[in-house]
Every structure is written in structure tokens, then in C-alpha cells.
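J.: The following block contains the structure, expressed as C-alpha cells.
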Amino acid sequence: MVKTHKIALKATCEQAKLLSQHCGYARVAYNHGLASFKAGLEADEWKSLYTLKREFNAVKKAEYDWRAELSQYASKNAIHHLDRAIKNWKNKKLSAGFSKYHKRQYGQSYQADNGKGTVKVSENAVRLPKIGWVKMRESLRFEGEIVQATITKSYGRWYVCLTVETGEDLPEKREGETIGIDMGIKTLATYSDGTTVENPKGSMDHQYRKLGRVDKAIARSKKVHGKTNNSKRRQKQYEQRQRIYGRIANIRDDVHHKATSALVKARSVGKVIVESLNVAGMRRNKHLSRAFHRAGLSGFLRMLEYKCGWHGVVFEKADRWFASTKTCSGCGEKKVAMDLSQREYVCMACGLVIDRDLNAAKNLAQYDQQDAASSAESKNGRGGAISPAGTEAEPMKRLLESLPQQLSHAFA
Ligand SMILES: [Zn+2]
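Numbering (the working numbering), first residue to last: 241 to 652.
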């Protein structure tokens with residue numbers, strides 16, 4: 241079984257500088273490869289991974305002489321990543337668009353290894369090529385062989401993400417009840433057994449207020465006497481903002497970790513069914529995008545998915561057409577519309593009165609992929625063209641069509 245653990249690093253100033261340089265090197269290699277691939281496309285030539293690598297190696301000595309002291313794995317892996325991105329785009333996987341150039345301000349990262357054995361870990365440090373032993377803030381949680389090590393800088397701090405092959409077999413499928421989960425912005429998650437997971441409120445609001453103040457200060461000091469302000473003071477404000485963002489992410493991750501662990505560990509759950517979030521749609525909606533971003537729903541689901549895998553729980557996503565909000569969980573009667581302000585589902589057919597989110601969660605728990613496919617087929621006249629759950633490669637039109645229903649979830 242493969243597990244990953246992201247650990248904060250205690251890099252010295254010198255090490256931090258080297259880490260930064262490696263990220264820069266990876267970025268340069270990626271961008272060089274992308275430019276050359278694009279030029280190839282224009283000349284009707286499809287450049288392979290091998291060609292891209294060879295081309296970069298041919299120019300790197302002359303163009304990037306500063307890279308001599310750096311680990312060559314950084315550039316090599318960057319070109320591998322580019323190749324994967326190009327293939328995803330070609331195969332239209334995960335709605336992958338064409339690769340964009342990597343920019344410094346959009347996060348720094350590089351892959352530090354060249355397969356098994358390159359990176360070593362001790363009790364409280366990790367040995368990276370060309371950098372040496374860098375202290376870690378906690379020990380690696382899993383025993384086994386390190387298959388991949390990725391270095392990232394986020395919120396002003398360095399992290400190593402270690403992927404470990406633990407040698408354990410995947411756990412056997414666990415027998416147990418099925419839980420449907422309705423995701424929302426006000427209440428993060430509602431389970432079909434009535435449990436709710438609330439978004440962190442107080443501490444989070446406090447951080448957002450602080451963030452607002454720093455943002456304002458940064459905006460105000462943009463220019464001094466008509467000149468761009470590059471002062472140390474302003475630099476410090478940027479760092480302060482990074483730290484607040486980091487704290488916000490920590491608060492949110494903590495809640496998500498606790499809730500997902502509690503669900504897969506302590507309960508007798510055999511299967512979890514969630515709805516497919518319309519991520520693109522929610523981001524586009526100006527009223528929703530901020531709240532959606534803050535709640536971090538996708539992060540919660542990603543976490544839940546891998547933890548289910550670790551514990552032998554089946555994780556399933558309902559088709560995005562599944563009307564979990566509009567259907568009565570008692571008798572299956574479907575409403576034409578369900579107003580956003582309606583907090584309760586009142587069924588005209590059987591008289592059931594139930595909380596809106598709980599109703600949706602119960603519907604998800606009863607969701608059957610086979611049923612959904614056949615009913616969608618007959619009702620939409622789309623034939624067998626219903627995409628499997630979780631596929632994001634949807635044409636724009638279908639995304640837009642599905643927006644109203646997903647909106648109601650988000651507000652719910
Ligand atoms: Zn009913």
C-alpha cells in the first residue's frame with residue numbers, strides 16, 4: 241500500500257536558499273520544455289519526452305550555468321511532469337487544459353528523487369540530493385520504502401511530501417452500513433445517519449478579519465510618492481499575509497482530518513457515497529466562489545477518498561445528474577424545483593418533513609449507480625452517454641446545465 245506524509249522542514253537559511261534554487265531549476269526546465277513542445281506543435285511535430293529531455297540537456301550548460309551545483313533530478317522530473325501534463329491534455333483526462341508556463345509566484349516545488357533509494361530519512365531529518373540532511377518537524381509516520389519525495393513551499397514554509405510503499409496489503413473490504421454524505425457550505429457535511437460536520441467558525445473568522453486588515457495595508461502602501469513601494473516593511477506585510485493563509489489552511493485541514501478519520505475509523509461503515517461537486521461551476525459563480533473556496537469541500541472529499549482506501553471502505557461518487565435534493569428520501573417522489581431558501585423538504589406525496597441536507601444525504605445513501613444510469617437514460621434520452629461518476633471531462637454546456645442543482649447544494 242502506498243501512503244504519503246507531508247512534513248514541515250526546519251531548513252537553515254542556506255538550505256532554504258538551495259531549495260529555492262532547485263525549484264527555480266525545475267521551473268526553468270518545465271518552461272523550456274513547454275516552449276519547445278509548443279514550437280513543435282506549430283511545426284506539426286509531436287515532441288516526445290525523450291526529445292524534450294535531450295533538447296534541454298543540450299542547452300542547459302550554456303544557458304543555465306548556475307544549475308551545475310544543483311541536483312539534476314529537479315529538471316529531469318520537471319520534464320517528466322510536463323510530459324504527463326501533455327498526455328493528460330491529449331487524452332482529455334480530468335478536463336486538463338493545455339499546460340501553462342510555471343510562474344514563480346504560483347508556488348514553488350520540485351521532485352527531489354530519482355526513484356527508490358535516492359532520498360533517505362532518519363528519525364528527524366531527510367537527506368536530499370545536493371542539499372544534505374534537512375531537519376524535519378515531525379517523524380515519518382509510516383515505515384517502508386520511499387518511492388517519491390516532493391519539496392514544496394507553501395505559506396512561507398518548506399515541506400517535504402514523502403510517498404512510502406509500506407509493503408502492507410490493501411485492507412480487505414469492510415462489511416458495514418452505507419453512509420450518504422451531503423456537502424454544503426454552511427454545514428460542511430451532513431451524513432445520512434444525522435451526524436453533521438460544521439465548518440470551523442470562530443477561529444476562522446478571526447483569521448479572516450486579520451487577513452482583511454493586512455490586505456488593506458498592502459493595498460494602501462502599493463505606491464509611495466508615485467513610486468512602486470519595495471520597502472522591507474511591505475515585504476513583511478506579504479510574509480504576514482502568507483502566515484495567516486497558512487493558519488487558515490491549518491484550521492481547515494484539522495477539522496477535515498478529524499472528521500474524515502472519525503468516519504472511517506470509529507464507525508461500522510462499509511461504503512461512503514458522496515455527490516459529485518461541480519467545482520468549475522461553483523468557482524465561476526461570483527456569489528459562491530469565495531464561500532466554496534473557504535470551505536475547501538474538494539479537499540475534504542479527497543481526504544475522505546484516500547482514507548477510505550486505507551481502511552477498506554468503498555468510496556463512491558454519485559452521478560452529477562443525481563437529484564439528491566429534489567427527491568423525497570421516504571417515497572422517491574421528485575420535485576420539479578427546490579427553492580434555495582427552503583430549509584426543509586416537505587413531501588406532497590407521503591407527507592414526510594425532513595431537513596433539507598439530511599434528505600439529500602439519505603438519498604445519496606440509497607443511490608445505486610446502475611439505477612441512476614438507467615433512469616437517466618430513459619429520462620434524458622441521452623442513450624448510454626452518461627459519464628461515469630467523478631469524470632470531470634464534461635463539455636461546458638453540461639456544466640452550466642447542472643449548475644442550478646449544485647447551487648442549491650452549496651447554499652444548503
Ligand atoms: Zn415522500
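The beta-carbon is built from N, C-alpha and C at its ideal position, and this holds for glycine as well.
May I have the straight-line CA-CA distance separating residue 365 from residue 396, to the nearest angstrom?
T.: Your numbering for residue 365 matches position 125 in the sequence shown. Your numbering for residue 396 matches position 156 in the sequence shown. When rounded, the distance between both Cα atoms is 20 Å.
J.: Over the uninterrupted beta strand (DSSP E) stretch that includes residue 245, give me the two end residues.
T.: Here the question's residue 245 lines up with position 5 in the sequence shown. 242-250 is the span of the beta strand (DSSP E), which, as asked, contains residue 245.
J.: CB-CB under 8 Å to residue 292, same chain, minus the five flanking residues each way: which ones, in chain order?
T.: One-based indexing of the sequence shown puts residue 292 at position 52. Correct list, in chain order: 273, 276, 277, 319, 322 and 323.
J.: Which residues mark the beginning and the end of the beta strand (DSSP E) in which residue 595 is found?
T.: As a position in the sequence shown, residue 595 is number 355, starting the count at 1. Per DSSP, residue 595 belongs to the beta strand (DSSP E) from 593-595.
J.: Among 340, 436 and 596, which has the Cα closest to the Cα of residue 496?
T.: Position 256 of the sequence shown, counted from the start, is the residue given in the question as residue 496. Closest by alpha carbon: 436.
J.: Given the structure, does residue 589 come close to ligand 1, in the sense that its CB is under 7 Å from one of the ligand's heavy atoms?
T.: For the purposes of this step, residue 589 is taken as the residue at position 349 of the sequence shown. Because some heavy atom of ligand 1 lies under 7 Å away, the Cβ of residue 589 counts as near it: yes.
J.: With a threshold of 7 Å, establish whether the CB of residue 584 neighbours any heavy atom of ligand 1.
T.: Here residue 584 is taken as the residue at index 344 of the sequence shown, counted from 1. No - ligand 1 has no heavy atom lying nearer than 7 Å to the Cβ of residue 584.
J.: Tell me which same chain residues have a C-beta within less than 6 Å of the C-beta of residue 481, skipping the five on either side of it?
T.: Position 241 of the sequence shown holds residue 481. Taken in chain order, the residues that qualify are 454.
J.: Got a sec? Which residues, its chain only, sit under 6 Å from residue 423 by beta carbon, not counting five neighbours each side?
T.: As a working note, residue 423 is residue 183 in the sequence shown. By the criterion of a C-beta distance shorter than 6 Å, residue 423 is surrounded in its chain by 429 and 537, once the five residues flanking it on both sides are discounted.
J.: Report the rounded CA-to-CA distance for residue 509 versus residue 553, giving the unit in angstroms.
T.: Here residue 509 is taken as the residue at index 269 of the sequence shown, counted from 1. Here residue 553 is taken as the residue at index 313 of the sequence shown, counted from 1. When rounded, the distance between both Cα atoms is 7 Å.
J.: Any heavy atom of ligand 1 closer than 7 Å to the Cβ of residue 407?
T.: Within the sequence shown, the letter at position 167 stands for residue 407. Result no, Cβ not under 7 Å from ligand 1.
J.: Given a cut-off of 8 Å, decide if residue 400 and residue 249 are closer than it, judged by their beta-carbon atoms.
T.: One-based indexing of the sequence shown puts residue 249 at position 9. One-based indexing of the sequence shown puts residue 400 at position 160. The answer is yes: Cβ separation under 8 Å.
J.: Once DSSP output is grouped into helix, strand and coil, what is the label at residue 323?
T.: Residue 323 sits at position 83 when you count from the first residue of the sequence shown. In this structure, residue 323 counts as helix in the three-state DSSP scheme.
J.: Do residue 348 and residue 316 have their CB atoms nearer than 8 Å?
T.: Taking the first residue of the sequence shown as 1, we reach residue 348 at position 108. Taking the first residue of the sequence shown as 1, we reach residue 316 at position 76. Going by C-beta atoms, residue 348 is not nearer than 8 Å to residue 316.
J.: Under 7 Å: does the beta carbon of residue 273 sit that close to some heavy atom of ligand 1?
T.: Counted from its first residue, the sequence shown places residue 273 at position 33. No.
J.: Just the C-alpha distance for residue 568 and residue 586, rounded to the nearest angstrom, thanks.
T.: Taking the first residue of the sequence shown as 1, we reach residue 568 at position 328. Taking the first residue of the sequence shown as 1, we reach residue 586 at position 346. Going by the C-alpha atoms only, they are around 8 Å apart.
J.: Can you tell me whether residue 417 sits near ligand 1, meaning its C-beta is under 7 Å from at least one heavy atom of the ligand?
T.: As a position in the sequence shown, residue 417 is number 177, starting the count at 1. No.
J.: Give me, in chain order, the residues of the same chain whose beta-carbon lies closer than 7 Å to that of residue 405; leave out the 5 immediate sequence neighbours on both sides.
T.: In the sequence shown, the residue the question calls residue 405 occupies position 165. The residues are 242, 384, 385 and 387.
J.: Could you check the C-alpha separation between residue 548 and residue 491 for me, to the nearest Å?
T.: As a working mapping, residue 548 is identified with position 308 in the sequence shown. As a working mapping, residue 491 is identified with position 251 in the sequence shown. The alpha-carbon atoms of residue 548 and residue 491 are separated by roughly 22 Å.
J.: The alpha helix (DSSP H) spanning residue 270 covers which residue range?
T.: Here residue 270 corresponds to residue number 30 of the sequence shown, with the count starting at 1. Unbroken alpha helix (DSSP H) run through residue 270: 253-282.
J.: On the three-pair Cβ rule with 8 Å, is the segment 482-489 touching the segment 521-530?
T.: no
J.: Return helix, strand or coil for residue 631, following the three-state DSSP convention.
T.: Within the sequence shown, the letter at position 391 stands for residue 631. Any reading at residue 631 must be qualified, since the residue scores a pLDDT of 36, below 50, and its modelled position is unreliable; the value itself is stated next. In this structure, residue 631 counts as coil in the three-state DSSP scheme.
J.: Using the rule of at least 16 other Cβ atoms within 10 Å of the residue's Cβ for burial, across every protein chain shown, is residue 602 buried or exposed?
T.: On the sequence shown, residue 602 is found 362 positions in, with the first residue counted as 1. By the 10 Å Cβ count, residue 602 comes out buried.
J.: What are the start and end residues of the alpha helix (DSSP H) that includes residue 286?
T.: Within the sequence shown, residue 286 is the residue found at index 46, counting from 1. Careful: residue 286 lies outside any alpha helix (DSSP H) and carries neither H nor E.
J.: For the segment 350-418, list the beta strand (DSSP E) runs that are entirely contained and at least 3 residues long, ordered along the chain.
T.: Entirely contained in the segment 350-418, the beta strand (DSSP E) runs reaching 3 residues are, in chain order, 365-368, 372-376, 385-394 and 397-405.
J.: Does the separation of the CB atoms of residue 515 and residue 555 fall below 8 Å?
T.: Residue mapping note: residue 515 aligns to position 275 of the sequence shown, counting from 1. Residue mapping note: residue 555 aligns to position 315 of the sequence shown, counting from 1. It is not a contact, given that the beta carbons lie outside the stated cut-off.
J.: What does DSSP give as the partner residues of residue 348 in its beta bridges?
T.: For the purposes of this step, residue 348 is taken as the residue at position 108 of the sequence shown. According to DSSP, which records beta bridges pairwise, residue 348 is partnered with 393.
J.: With a Cβ-Cβ cutoff of 8 Å, do residue 420 and residue 607 count as a contact?
T.: Residue 420 sits at position 180 when you count from the first residue of the sequence shown. Residue 607 sits at position 367 when you count from the first residue of the sequence shown. Yes; because the gap between Cβ atoms is below 8 Å, this pair is in contact.
J.: Kindly indicate which three-state DSSP category residue 536 falls into: helix, strand or coil?
T.: As a first step, residue 536 must be located in the sequence shown, where it is residue number 296. Three-state DSSP puts residue 536 in coil, outside helix and strand.
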